[in-house]
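Residue numbers (my numbering), protein chains in the order written: chain H, 1271 to 1525; chain A, 47 to 118. To start, the structure itself, in structure tokens.
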Amino acid sequence: MSRAANLDNIAPDDAVPPASPPPHSLPPKKKKKVHAPSIPPEIPNPPLPPSHSANLRFRQKIYELIKGKTASPLSAFLARPKVFTFQAREDSEEIILVLRRHWFTNLHWIVTAILMSLAPAFLQYFPILDFFPANYQFIFILFWYIITFAIAFEHFLSWYFNVFIITEERVVDIDMYNLLYTKFSEAKLSMIQDVTATQGGVSQTVLNYGTVLIQTASEIPVIKIERIPNPHLVVQILQQMRAEEEQEALDGRLQ
Amino acid sequence: MMQDYTHYIFLITKILAVIGSLIYVVFALVVVRQVATMSKNVSDKFNGILIAFSYIHLLAAILLVFLTLVVL
């Protein structure tokens, strides 16, 4: 009988019986005196085991699904990032996927920032500041450029820090709505009940981005991830992760 | 007579510019704080550059206050 099976039959409060020798084992031999060296030989530390479920076929399928996807820090679809991490992450928790909004959703503020940067060049055709002396005009233009930078920077921060993370244990949604309001929500994979992907409109269909809705049994009933790339692939990955969790629960290896 | 009005207009503009640039410094401080906080929550290779940009932005805002006071 395996050790795991023995442990399964023992209640938590029971005293653990001493290990008995196997029925057909030979009587214990007398220990020979061996001149042991004074310093025990150093046993190299075994390498850390991989994640408890890394070898499962579900995980392999997930790795195949995200194979070849970019790992650039400025990507909207980060597969198994090496450097990326988040505050509430556990030590051995593997990050499978990090998602941000599709790059196309940034186009409006990029175009706005470019147009705003070019606007002072047109002042010679529209002399609206000519009433003021040159030093006033200089300060106004400086104001204009610094505000342009602030608009672009704030939009970029909003995109960069608005991430949805899928780890081997949970999904984490970090939202930065603006500079003064952020939200952090998470749900265990085992709590996920339903995952839906929606794509609508020309740009979403052509550029393959859309919204994923995750219904959970946790405190936050719905997690909505908007305008992310490859929404159907994300749904597939989440389905595989859920299947893996269910398999782990069946195997009694749920952490 | 017209010159008097112009003088007042420029004075009001200068006061508004100083107030605006001071408010902007507060905004830049909020940006620095927010970037630092979010970088703790989510960390990646690019965070250092963002923090540097937020500080450059703050310095530019402070410089703008000085310029507004000196140049105008």
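Glycine is no exception: its CB is placed at the ideal position from the N, C-alpha and C atoms.
Cβ neighbours of residue i in the same chain (closer than 8 Å, five flanking residues each side left out)
i: I102 of chain A; result: none
i: F1402 of chain H; result: F1410
i: A1389 of chain H; result: W1414
i: A1358 of chain H; result: V1442, F1454, E1456
i: L104 of chain A; result: V71, A74, L75, V77, V78
Cβ-based neighbour list, residue i, same chain, cut-off 7 Å, excluding 5 preceding and 5 following
i: I1560 of chain H; result: Since the first and last residues shown for chain H are 1271 and 1525, residue 1560 of chain H lies out of range.
i: V124 of chain A; result: Examination of residue 124 of chain A is not possible in this model, given that chain A is present from 47 through 118 alone.
i: L1393 of chain H; result: L1399
i: A106 of chain A; result: none
i: S1342 of chain H; result: none
i: L1318 of chain H; result: At L1318 of chain H the pLDDT is 44, less than 50, meaning the model places this residue with poor confidence and gives no usable figure here.
i: Q1469 of chain H; result: T1475, G1480, P1501
N-terminal and C-terminal residue of the alpha helix (DSSP H) that residue i is part of
i: N1376 of chain H; result: Neither: N1376 of chain H is in no alpha helix (DSSP H) and is coded neither H nor E.
i: E1424 of chain H; result: 1404-1430
i: P1501 of chain H; result: 1501-1521
i: I95 of chain A; result: 93-117
Start-to-end residues for the beta strand (DSSP E) that takes in residue i
i: Q1463 of chain H; result: 1462-1468
i: Y1479 of chain H; result: 1479-1486
i: E1439 of chain H; result: From DSSP, E1439 of chain H is part of no beta strand (DSSP E); its letter is neither H nor E.
i: E1489 of chain H; result: Neither: E1489 of chain H is in no beta strand (DSSP E) and is coded neither H nor E.
Own chain, CB closer than 6 Å to residue i, minus 5 neighbours either side, in chain order
i: L1477 of chain H; result: F1374
i: S1428 of chain H; result: M1446
i: P1501 of chain H; result: A1467, G1480, V1482
message = Any contact between the segment 1499-1519 of chain H and the segment 1327-1335 of chain H? By contact I mean 3 or more CB pairs, one from each, below 8 Å.
response = Yes: the two stretches touch, three or more of their Cβ pairs being nearer than 8 Å.
ask   = the segment 1502-1513 of chain H: which residues have C-beta closer than 9 Å to a C-beta of chain A, in chain order?
value = Listed in sequence order: no entries.
ask   = Does the count of Cβ pairs from the segment 1394-1410 of chain H and the segment 72-92 of chain A closer than 8 Å reach three?
value = The answer is no - the segment 72-92 of chain A does not touch the segment 1394-1410 of chain H, with fewer than three Cβ pairs under 8 Å.
Interfacial residues, the segment 1353-1379 of chain H to chain A, with Cβ spacing under 7 Å = Residues are counted here when their Cβ sits less than 7 Å from a Cβ of chain A; for the segment 1353-1379 of chain H these are V1353, F1354, T1355, F1356, Q1357, given in chain order.
query = In chain order, what residues of the segment 87-102 of chain A put their CB closer than 9 Å to some CB of chain H?
reply = Close to chain H, meaning a Cβ-Cβ distance shorter than 9 Å, are the following residues of the segment 87-102 of chain A: N87, V88, S89, D90, K91, F92, N93, L96, F99, S100.
query = Looking at C-beta atoms only, is the number of pairs between the segment 1362-1369 of chain H and the segment 1423-1440 of chain H that lie closer than 8 Å three or more?
reply = With the cut-off at 8 Å, the segment 1362-1369 of chain H and the segment 1423-1440 of chain H touch.
ask   = Counting pairs of Cβ atoms below 8 Å between the segment 1461-1478 of chain H and the segment 1345-1363 of chain H, do you hit three or more?
value = The segment 1461-1478 of chain H, when compared against the segment 1345-1363 of chain H, does not touch it at the 8 Å Cβ threshold.
ask   = In the segment 1323-1401 of chain H, which residue ranges form an unbroken alpha helix (DSSP H) of at least 4 residues, counting only runs that do not cross its ends?
value = Qualifying alpha helix (DSSP H) stretches, in chain order: 1327-1335, 1377-1388.
Any 3 or more C-beta pairs closer than 8 Å across the segment 1414-1426 of chain H and the segment 1372-1387 of chain H = With the cut-off at 8 Å, the segment 1414-1426 of chain H and the segment 1372-1387 of chain H touch.
ask   = Using Cβ-Cβ distances below 7 Å, what residues of the segment 1466-1482 of chain H are close to chain A?
value = Under the 7 Å Cβ criterion, the segment 1466-1482 of chain H contributes no residue.
ask   = Listed from N- to C-terminal order along the chain, which residues in the segment 1433-1453 of chain H have their beta-carbon within a distance smaller than 8 Å of any beta-carbon of chain A?
value = Taking 8 Å as the Cβ-Cβ cut-off against chain A, the residues of the segment 1433-1453 of chain H that qualify are V1433, I1444, M1446, L1449, L1450, T1452.
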